[in-house]
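Enquirer:
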Amino acid sequence: MLLISSPAKAWEEIRLEEDRRKVFTAFVYPMIGLCGLSVFIGSLLAKGWGGPESFQYAMTQCCAVAVSLFGGYFLAAYLINEMRVRMFMMDSDIPLTQQFAGYALAVLFLLQIIIGMLPDFNIIGLLLQFYIVYVVWEGASVLMEVEEKDRLRFTIISSILLIACPMLIQWIFNKLTMVLN
Numbered sequence: 001m002l003l004i005s006s007p008a009k010a011w012e013e014i015r016l017e018e019d020r021r022k023v024f025t026a027f028v029y030p031m032i033g034l035c036g037l038s039v040f041i042g043s044l045l046a047k048g049w050g051g052p053e054s055f056q057y058a059m060t061q062c063c064a065v066a067v068s069l070f071g072g073y074f075l076a077a078y079l080i081n082e083m084r085v086r087m088f089m090m091d092s093d094i095p096l097t098q099q100f101a102g103y104a105l106a107v108l109f110l111l112q113i114i115i116g117m118l119p120d121f122n123i124i125g126l127l128l129q130f131y132i133v134y135v136v137w138e139g140a141s142v143l144m145e146v147e148e149k150d151r152l153r154f155t156i157i158s159s160i161l162l163i164a165c166p167m168l169i170q171w172i173f174n175k176l177t178m179v180l181n
C-alpha cells in the first residue's frame, strides 16, 4: 500500500531489502493469487452459479489473469533488464530488475483485484493504471539508479512494458482459448 500512497518512501525501503528474490514469495505470487481469486469470484457472480458452464468460464478467466500477470511480470522484467543493458549502458542485474518490476506492478495488481470483483469499473481501471508511470518514475532513480538525464526515457519505456506485457499475454491466452475450444 505504501507504493500506492507514497512511492518515493516505499522505494527507499525496498532498496534496503537484502534478498532481492524475496519479491516473488512475499509479494508477486500472493498478489497474482489474489487477482486470480477476485476474477474467479467476480466471474461467478456475473455469470451465476447455475451450472458447469459458469464454473468453466470463471476458471478460464481466472487462468487468463494468472497467466497474463505471471508471464507479463517475467517478460517485462526481462525486457527492462535488456533495455538497461542496451540503451542505458548499465550492468545486467536480473534480480534487481525482477524486484523493480514486481513492486512496480503493485498498481496493476490492485486494479485487477478491484476490477475482478467489480467489472463495471473497467474504464476507470484503464485510466488509473497509468499511475504506474509515477511509481516507476520514483523507482527509476532510487532502486534502478538511472541517471537523471535518462530517467524520463527509462520511465516511459518501462511503464509501457509493465502495462503492455500482461495485456499482450492475456490477449494471446484468450485467442488461444477461443481457438482451442
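Numbering (the UniProt record's numbering), first residue to last: 1 to 181. Quick reminder that beta carbons are idealized off the backbone N, C-alpha and C, glycines included. Just so we're clear, the structure is a prediction, and the values are computed from it rather than from any experiment.
#1: Just the C-alpha distance for residue 159 and residue 153, rounded to the nearest angstrom, thanks.
#2: Between the alpha carbons of residue 143 and residue 94, how many angstroms are there, rounded?
#3: Given that a residue counts as buried once 16 or more other Cβ atoms are within 10 Å of its Cβ, and exposed if not, what is residue 7?
#4: Which parts of the segment 81-153 are runs of the alpha helix (DSSP H), unbroken and 4 residues or longer, counting only runs that do not cross its ends?
#5: Does the beta-carbon of residue 84 have 16 or more other beta-carbons within 10 angstroms, so that it is buried, or is it exposed?
#6: Once you ignore the five residues that flank residue 21 on each side, which residues in its own chain have a CB closer than 7 Å to its CB?
#7: For residue 121, count neighbouring C-beta atoms within 10 Å of its own C-beta (all shown protein chains included) and say buried if the count is 16 or more, exposed if not.
#8: With a Cβ-Cβ cutoff of 8 Å, do residue 97 and residue 133 count as a contact?
#9: Leaving aside the five residues before and after residue 65 along the sequence, list all residues of the same chain whose C-beta is less than 6 Å from its C-beta, in chain order.
#10: Touching or not, the segment 144-151 and the segment 51-61, by the rule of three or more beta carbon pairs under 8 Å?
#11: Anyone know if the C-beta pair for residue 103 and residue 3 falls short of 8 Å?
#12: Check the C-beta distance from residue 165 over to residue 72 and give it rounded, since I have them as a contact under 8 Å.
#13: Should residue 129 and residue 80 be called a contact, given that it needs their Cβ atoms to be closer than 8 Å?
#14: Would residue 74 and residue 150 qualify as a contact pair, given that the criterion is a beta-carbon distance under 8 Å?
#15: Any idea if residue 48 is buried or exposed, counting beta-carbon neighbours within 10 angstroms, 16 or more meaning buried?
Expert: On the basis of the data shown:
#1: Locating residue 159 in the sequence shown gives position 159, where the first residue counts as 1. Locating residue 153 in the sequence shown gives position 153, where the first residue counts as 1. Cα to Cα, residue 159 sits roughly 10 Å from residue 153.
#2: For this step, residue 143 is matched to residue 143 along the sequence shown. For this step, residue 94 is matched to residue 94 along the sequence shown. So the two alpha carbons sit approximately 13 Å from each other.
#3: In the sequence shown, the residue the question calls residue 7 occupies position 7. Buried, because 16 or more other Cβ atoms sit within 10 Å of the Cβ of residue 7.
#4: 94-104, 106-117, 122-128 and 132-142
#5: On the sequence shown, residue 84 is found 84 positions in, with the first residue counted as 1. Answer is buried; the Cβ neighbour count reaches 16.
#6: The sequence position of residue 21 within the sequence shown is 21, counting from 1. Taken in chain order, the residues that qualify are 95.
#7: By 1-based counting over the sequence shown, the position of residue 121 is 121. The residue is exposed, with fewer than 16 neighbouring Cβ atoms inside 10 Å.
#8: One-based indexing of the sequence shown puts residue 97 at position 97. One-based indexing of the sequence shown puts residue 133 at position 133. Cβ distance not < 8 Å, so residue 97 and residue 133 don't count as in contact.
#9: In the sequence shown, the residue the question calls residue 65 occupies position 65. Same-chain partners within the cutoff: 35, 36 and 39.
#10: no
#11: Indexing the sequence shown from 1 puts residue 103 at position 103. Indexing the sequence shown from 1 puts residue 3 at position 3. A contact, by the Cβ cut-off of 8 Å.
#12: Translated into the one-based positions of the sequence shown, residue 165 becomes position 165. Translated into the one-based positions of the sequence shown, residue 72 becomes position 72. The pair is a contact, with the Cβ atoms about 4 Å apart (cut-off 8 Å).
#13: Counting from 1 along the sequence shown, the entry for residue 129 is found at position 129. Counting from 1 along the sequence shown, the entry for residue 80 is found at position 80. Contact: no.
#14: Within the sequence shown, the letter at position 74 stands for residue 74. Within the sequence shown, the letter at position 150 stands for residue 150. Taking 8 Å as the Cβ cut-off, residue 74 and residue 150 do not qualify as a contacting pair.
#15: Here residue 48 is taken as the residue at index 48 of the sequence shown, counted from 1. The residue is exposed, with fewer than 16 neighbouring Cβ atoms inside 10 Å.
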